[in-house]
Each structure stands twice: as C-alpha cells, then as structure tokens.
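FYI, in our numbering the residues of the sequence shown are 70 to 647.
Every residue gets a Cβ at the ideal spot worked out from N, C-alpha and C, and that includes glycine.
I have placed the structure first, in the form of structure tokens, so that the comments after it can refer back to it.
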Amino acid sequence: MWFVLKGIFWRGFWRIFRGYWSSEHKWKARGLLAFVIALNFFDVYLLVRINTWYNKFYNALQQYQADQFWPLVGTFTLLAMLHIVVAVYAIYLRQMVQIKWRTWLTDQYLGRWMRKQVYYRLQVLRSDTDNPDQRISEDINQFVALTLQLLIGFLKQLTTLAAFGVVLWNLSGAFTVPFGSREFVIYGYMFWFSLLYSMVGTVCAHLVGRRLIGLNFDQQRFEADFRFNMMRVRENSESVAFYRGEQPESVGFRERFAKVIRNYWQLMRQTKLLNFYVNGYGQLAIIVPLVLAAPQYFAGTMALGGLMQTVSAFGRVQDALSYFVDSYDTIAQLAAVTRRLAGFTSHMEEAASIPNGVVRRETPAGAEKAVSLNELQVCLPDGRTLLRDCTLKLPQGCRVLITGASGCGKSTLLRTLSGIWPYGSGSLTLPQGTRVLFLPQRPYLPLGSLRRALYYPLSASGSEDRLKEVLRLVGLEAFIARLDDRDDWSRILSLGEQQRLAFARVLLVKPDCVFLDEATSALDEAREQEMYDLLRRQLPAMSVVSVGHRSTLFARHEEELHLFGDGSWRIRSIPAKV
Ligand SMILES: Nc1ncnc2c1ncn2[C@@H]1O[C@H](COP(=O)(O)OP(=O)(O)OP(=O)(O)O)[C@@H](O)[C@H]1O
Numbered sequence: 070m071w072f073v074l075k076g077i078f079w080r081g082f083w084r085i086f087r088g089y090w091s092s093e094h095k096w097k098a099r100g101l102l103a104f105v106i107a108l109n110f111f112d113v114y115l116l117v118r119i120n121t122w123y124n125k126f127y128n129a130l131q132q133y134q135a136d137q138f139w140p141l142v143g144t145f146t147l148l149a150m151l152h153i154v155v156a157v158y159a160i161y162l163r164q165m166v167q168i169k170w171r172t173w174l175t176d177q178y179l180g181r182w183m184r185k186q187v188y189y190r191l192q193v194l195r196s197d198t199d200n201p202d203q204r205i206s207e208d209i210n211q212f213v214a215l216t217l218q219l220l221i222g223f224l225k226q227l228t229t230l231a232a233f234g235v236v237l238w239n240l241s242g243a244f245t246v247p248f249g250s251r252e253f254v255i256y257g258y259m260f261w262f263s264l265l266y267s268m269v270g271t272v273c274a275h276l277v278g279r280r281l282i283g284l285n286f287d288q289q290r291f292e293a294d295f296r297f298n299m300m301r302v303r304e305n306s307e308s309v310a311f312y313r314g315e316q317p318e319s320v321g322f323r324e325r326f327a328k329v330i331r332n333y334w335q336l337m338r339q340t341k342l343l344n345f346y347v348n349g350y351g352q353l354a355i356i357v358p359l360v361l362a363a364p365q366y367f368a369g370t371m372a373l374g375g376l377m378q379t380v381s382a383f384g385r386v387q388d389a390l391s392y393f394v395d396s397y398d399t400i401a402q403l404a405a406v407t408r409r410l411a412g413f414t415s416h417m418e419e420a421a422s423i424p425n426g427v428v429r430r431e432t433p434a435g436a437e438k439a440v441s442l443n444e445l446q447v448c449l450p451d452g453r454t455l456l457r458d459c460t461l462k463l464p465q466g467c468r469v470l471i472t473g474a475s476g477c478g479k480s481t482l483l484r485t486l487s488g489i490w491p492y493g494s495g496s497l498t499l500p501q502g503t504r505v506l507f508l509p510q511r512p513y514l515p516l517g518s519l520r521r522a523l524y525y526p527l528s529a530s531g532s533e534d535r536l537k538e539v540l541r542l543v544g545l546e547a548f549i550a551r552l553d554d555r556d557d558w559s560r561i562l563s564l565g566e567q568q569r570l571a572f573a574r575v576l577l578v579k580p581d582c583v584f585l586d587e588a589t590s591a592l593d594e595a596r597e598q599e600m601y602d603l604l605r606r607q608l609p610a611m612s613v614v615s616v617g618h619r620s621t622l623f624a625r626h627e628e629e630l631h632l633f634g635d636g637s638w639r640i641r642s643i644p645a646k647v
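Below, the structure written as structure tokens:
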C-alpha cells in the first residue's frame with residue numbers, strides 16, 4: 070500500500086490537494102471536514118455500543134431472561150436509529166465538502182487554462198496534452214470524491230480498529246501454546262491473529278491489484294481518444310462528407326475503439342482476479358473468528374454473548390485493517406486520476422511559462438498614433454525564422470496587405486502582432502489603449518444567441534437601432550428577426566455569412582486596429598469590395614492589416630508587406646491603380 074501511496078504523492082497529489090485547504094475558504098472547509106470526521110467517530114462509538122449490546126442480548130437469550138428481552142430490543146432500536154441518522158448525515162455532509170472543494174478546484178483550473186491563453190498554447194504548441202475538457206470536468210470531480218472517500222474512510226477505520234481492537238483484546242483472554250516442556254501465553258491472541266490475517270491480506274491484494282493502476286489510466290486515455298475522434302468528425306462533418314471520408318474515419322473509429330476494448334479485457338481479467346481474492350478473503354473472515362473463539366466457548370470460559378460479540382468485533386477489526394484491501398480499486402483510480410491531473414497541471418504551467426519574446430509597449434497619450442515594429446523577429450518553436458529584423462511604422466488609419474507564398478508565415482506574423490505567438494524577439498509599440506480585433510478566415514461564433522455572437526467578445530449591449538443598421542449594412546437583414554434565437558450559429562450560417570457577421574462585429578466593437586486573416590475568402594469580389602469600403606466609410610481612423618492571396622485585395626490597401634519565407638521581407642506602396 071505504501072508503494073501506491075508513495076506513487077500518488079510523487080505524482081503531485083499533495084500539490085493538487087493542498088490548494089483548497091489553505092485557500093481563503095480554509096476555515097469553513099476545515100470546520101466542515103472536522104465535523105464530518107467527528108460524525109464518523111461518533112458512528113464508531115455507536116457501533117461499539119451495538120457490539121456490547123450483542124453480548125447482553127445473547128446472554129439474556131441463553132439464560133432465558135424474558136424480562137430482559139424487550140428492554141434490550143428497545144435499546145437496540147434507539148442505537149440503530151441514532152446510527153442511521155449519523156451515517157446518513159456523515160455521507161450528506163461529506164458530499165457537501167466534496168461539492169465545495171470541486172467548485173473551488175474547477176474554478177482554479179479554469180482560471181489557469183484561460184490565463185495567458187494557455188488553452189491556445191496547449192493546443193497549438195503542445196501536441197501531447199490530451200483533452201483538457203475531460204481533465205477539468207471529470208478528473209477533478211473524481212479526484213475530490215475519491216480523496217474524501219479514502220481520507221474519511223481511513224480515519225473511520227483507524228478509530229474502528231482502535232475501539233474494536235480493545236474489545237477483541239479483552240474478549241480474547243490468554244491463549245497457551247505448548248513449546249517443548251514450556252508453555253507460552255499469548256494475550257489478546259484474537260487481536261493479534263486478526264492483525265496478521267489483515268496484513269497478509271493487504272500485501273496479497275497489492276500483488277494482485279497493482280496492475281490495475283496502469284490499466285485504469287490507459288482505459289481513460291483510450292476512451293478519451295475514441296471520444297475525441299468522434300468529436301472531430303462531428304465538428305468537421307461537412308468536410309468529411311464532401312471527401313466521402315466515411316471509410317478512413319470508420320477505420321479510425323474502429324482502431325481507437327479496439328484499443329478501448331483490448332484494454333478493457335485486460336482490466337476485466339485483472340479485476341476478476343482481484344474479485345476472486347477479495348471475495349474469498351471476505352468469506353474466510355466469517356468463519357475464522359468462530360474457529361478461534363470456539364475452544365473458549367466449549368471450555369465454558371466464554372458465554373454465547375461473548376462468542377457473538379467476538380464474531381462481530383473480529384469482523385470490525387478485520388474490516389478496519391483490511392480497509393485497503395477493499396478499497397484497492399479506489400486507490401488505483403485515485404492514482405490514475407492524480408497522474409493525469411498532475412500531468413495536465415505541469416503542461417499548463419510549462420505553456421504559461423513560455424516567455425513572450427516580443428516586447429509590447431504602449432506609447433504615452435499624446436504621442437504619434439502609430440503601430441511600430443522594431444527589429445521584430447518571428448520564429449517557430451523549432452527555431453526556424455519566418456521574419457527577420459522587421460522595423461517599420463504603421464500610422465493610424467493605414468491599410469497594409471501582407472502577401473507571400475503559402476506557409477511563408479503571414480498568419481504567424483498576425484499572431485505575433487496580436488500578442489498570442491510567443492516565439493520571436495524585438496518589440497512592438499502600440500498607442501496607449503489601442504483596441505485590436507482579429508478576424509480569422511472562419512470567425513468564432515460562441516454558443517448562444519446571434520446577438521451575443523455579434524458583440525463577441527464584448528457583452529451584448531448597445532443600441533438596438535445601431536445593431537439593425539449594421540446588419541443591414543453587411544447584408545444580413547434577414548437575421549434581424551432572429552437576433553435572440555439561441556442556436557449553434559456556426560452550423561446555420563454559410564461561411565460567407567459568418568465572414569459578413571465578423572465585419573458587423575468590427576462595426577459594433579469599433580477597434581483601433583483590425584487584423585484580417587483571409588477574412589473575405591468566402592465572399593465574391595463585389596461583396597469583398599463592399600466590406601472593405603464599409604470599414605473605410607464607417608471607421609476611417611481604424612488601421613487595417615490584411616492577409617490574403619486574392620489580387621483584388623491590392624486595390625483595398627495602400628501598402629504591401631511581402632514575406633519571402635526565409636526571413637526576408639519588403640514593404641512598398643501599392644500604386645493607386647493595380
Ligand atoms: N504551432 C506550430 N508549430 C510548428 N509550426 C507551425 C505552427 N503553426 C504554423 N507553423 C508553421 O509555420 C509556417 C508558417 O505558417 P503560417 O500559417 O503563418 O503560414 P501562412 O503564410 O499564413 O500560410 P497560408 O498562406 O497557407 O495560410 C508553416 O510552415 C507552418 O507549418
């Protein structure tokens with residue numbers, strides 16, 4: 070057991086555990102937990118009282134004391150009722166601790182995942198982090214539930230062991246073992262025997278059950294991969310359908326599902342072995358105390374009450390000592406969950422700690438309003454340079470088109486300018502309080518109403534008339550009546566409509582600078598011109614930096630920044646008529 074616990078702690082158990090208990094809620098949390106533990110202790114006390122009752126009750130039966138019968142039944146009823154109430158509330162309040170702890174921990178993880186765009190960095194810069202959604206929704210819940218179950222269970226069993234150990238010791242009397250011409254007297258022999266019995270049981274359970282840790286871990290991973298694969302197809306259903314990709318996708322599903330099943334078979338076999346063992350061990354524990362106490366009973370040194378009390382106390386001591394035998398599976402699950410959460414935590418920390426090589430500065434108020442790039446260098450994680458020593462000034466209201474061959478680094482430059490790409494050096498200076506909006510080729514539409522999607526990332530607040538006017542300007546007046554319909558709008562709107570919706574967003578949010586990454590790729594040329602003219606008319610002071618391959622885009626911009634892909638670049642003014 071120690072090896073398993075050591076493993077859990079080594080894999081970051083303590084780091085995940087301690088946060089809540091030393092947080093700002095610590096006193097309330099500790100108080101509630103202490104109360105739950107106290108309830109469990111009280112429950113053990115009641116169990117000891119019930120155990121003593123056995124002695125009295127069976128002795129009364131053996132001696133035909135009819136007058137004792139009803140009072141003893143009454144005592145039992147009272148003790149049993151108290152036990153029921155205490156046991157129910159011990160679980161209810163433990164769940165209360167659980168839900169509060171989970172809320173806190175989930176909040177922390179969500180915060181860390183969102184901070185410094187870790188969600189983006191993990192996705193784009195690290196390919197080895199699996200399913201943050203599952204870590205945050207399922208693993209945290211399991212971690213909290215299993216930890217509390219084990220912690221409270223452990224303390225309860227420890228108390229049970231102490232209390233019933235004493236009972237068993239007192240009932241055991243002395244056991245004499247002849248050894249040659251001498252005799253050894255063993256005091257509390259039933260207590261010692263139950264101790265030995267449980268220790269052997271625990272070691273054997275470890276040997277049988279240790280493979281479950283790895284298998285459980287793999288099971289979760291394979292299930293998540295299988296689910297993720299289906300999710301990808303759901304998200305890209307149209308592309309898959311166009312490609313008639315059912316065959317390769319089905320093969321992919323089956324391969325992943327086969328891994329799930331293969332691992333599950335192993336898990337089943339190992340669990341079967343463990344179950345054989347746990348059940349056999351449990352059954353043996355019923356007969357062992359009877360065999361042990363029988364000599365005393367038949368010798369007349371123990372009454373029927375004592376015998377029944379011994380059987381019950383042995384059961385309790387053995388239950389307590391072999392607690393880990395029964396909860397081996399729980400420990401295996403906790404170890405697997407801890408390993409995954411600890412891995413996720415360190416991946417998030419690594420992603421957050423990648424320093425942003427490009428320094429961002431703000432010019433003081435009143436200074437010239439321009440975006441300046443100073444010796445800007447854009448690199449890839451492997452060190453390849455996409456843009457070298459780029460120094461230029463983009464005055465407010467400028468219109469720059471970034472061109473270059475596919476893969477030369479245009480989008481990566483936009484990412485650097487918006488501050489989400491950490492690999493690079495040099496500096497970027499923006500006027501104080503500059504608001505920047507980024508329009509990718511496929512705009513992001515959050516779940517919810519169309520109104521919310523239009524204002525994203527701001528909250529949906531603004532004049533209703535302006536909103537309707539903007540929708541008319543971008544040619545989406547047909548959706549005015551559906552502004553408050555909640556739906557998955559990215560599935561309903563065509564890509565061209567989504568791109569026009571993104572332009573509407575620019576008109577509503579009114580940023581100082583907008584980056585368009587092939588943001589008009591799905592529009593016809595007339596619509597494209599309309600959208601750019603709209604920006605010029607409505608927001609003349611806004612800077613526009615676009616990436617695109619279409620020749621028509623030259624007419625909508627004044628300057629061209631061309632990237633050659635080897636780090637070199639060139640800026641030139643675009644002649645008035647191209
Ligand atoms: N997360 C990443 N990790 C490693 N390499 C990356 C990553 N993202 C992009 N790259 C590489 O960086 C290079 C530039 O990519 P980028 O998307 O900026 O090109 P682009 O000029 O916008 O291409 P296109 O015109 O085809 O959209 C490519 O070779 C690409 O493979």
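- With a threshold of 7 angstroms, the Cβ atom of L445 does not count as near ligand 1, since no heavy atom of the ligand is closer than that.
- Comparing alpha carbon positions, the residue from V236, G478 and P450 closest to Y492 is P450.
- Membership of V543 in any beta strand (DSSP E) is not indicated, and neither H nor E is assigned to it by DSSP.
- In this structure, S487 has its beta carbon at no less than 7 angstroms from each heavy atom of ligand 1.
- The Cβ-Cβ distance between Q402 and Q211 falls below 8 angstroms.
- If you draw a straight line from the Cα of A362 to the Cα of Y266, it comes to about 15 angstroms.
- The beta carbon of W558 sits closer than 7 angstroms to those of L514, L519 and A522, all from its chain and outside the five residues before and after it, given in chain order.
- In the structure shown, the three-state DSSP call for S494 is strand.
- DSSP, reduced to helix, strand and coil, places V187 within a helical segment of the structure shown.
- Contact annotation: the region 621-639 touches the region 471-484, with at least three C-beta pairs closer than 8 angstroms.
- Not one heavy atom of ligand 1 sits closer than 7 angstroms to the Cβ of T271.
- Looking from the CA of L174, the closest CA among V616, L162, V105 and S92 belongs to S92.
- Per DSSP, reduced to three states, the secondary structure at G270 is helical.
- According to DSSP, residue pairing for Q446 in a beta bridge involves S494.
- Counting C-beta pairs with one atom in each stretch, the region 483-491 and the region 563-572 have fewer than three that are closer than 8 angstroms, which means they do not touch.
- Judged by DSSP in its simplified three-state form, H631 adopts strand.
- For ligand 1, no non-hydrogen atom lies closer than 7 angstroms to the CB of L585.
- Residue environment: N124 is assigned as buried (16 or more neighbouring CB atoms within 10 Å of its CB, all protein chains considered).
- Secondary structure remark: continuous beta strand (DSSP E) runs of at least 3 residues inside the region 223-249, in chain order: 243-248.
- A distance below 6 angstroms between beta-carbons, with the five flanking residues on each side excluded, links L343 to the following residues of its chain, in chain order: V277 and G278.
- Taken through DSSP and simplified to helix, strand or coil, S391 comes out as coil.
- As computed with DSSP, G517 is found in a beta bridge with D556.
- Closest in alpha carbon position to A595, among R574, R569, Q137 and T481, is R569.
- Scanning its chain for C-beta atoms nearer than 6 angstroms, with the 5 sequence neighbours on each side dropped, one finds around R468 the residues V613, H626 and E627, in chain order.
- For S415, the CB stays at least 7 angstroms from every heavy atom of ligand 1.
- Rounded to whole angstroms, the Cβ separation of A439 and N285 is 58 angstroms, and the two are not in contact under 8 angstroms.
- For ligand 1, residues qualifying as neighbours are V193, L449, S475, G476, C477, G478, K479, S480 and T481, where qualification means a beta carbon closer than 5 angstroms to at least one of its heavy atoms (chain order).
- In this structure, DSSP gives E418 a helical state, which the three-state scheme calls helix.
- If you draw a straight line from the Cα of T432 to the Cα of L483, it comes to about 20 angstroms.
- For R323, the enclosing alpha helix (DSSP H) has its first and last residue at E315 to A368.
- For K462, DSSP records a beta bridge to S441.
- Beta-bridge pairing by DSSP links S612 to C582.
- Here S306 carries a helix assignment [DSSP, helix/strand/coil].
- Here the region 345-358 does not lie against the region 206-223, with fewer than 3 beta-carbon pairs under 8 angstroms apart.
- Annotation: the continuous alpha helix (DSSP H) that includes Y114 extends over K95 to Q131.
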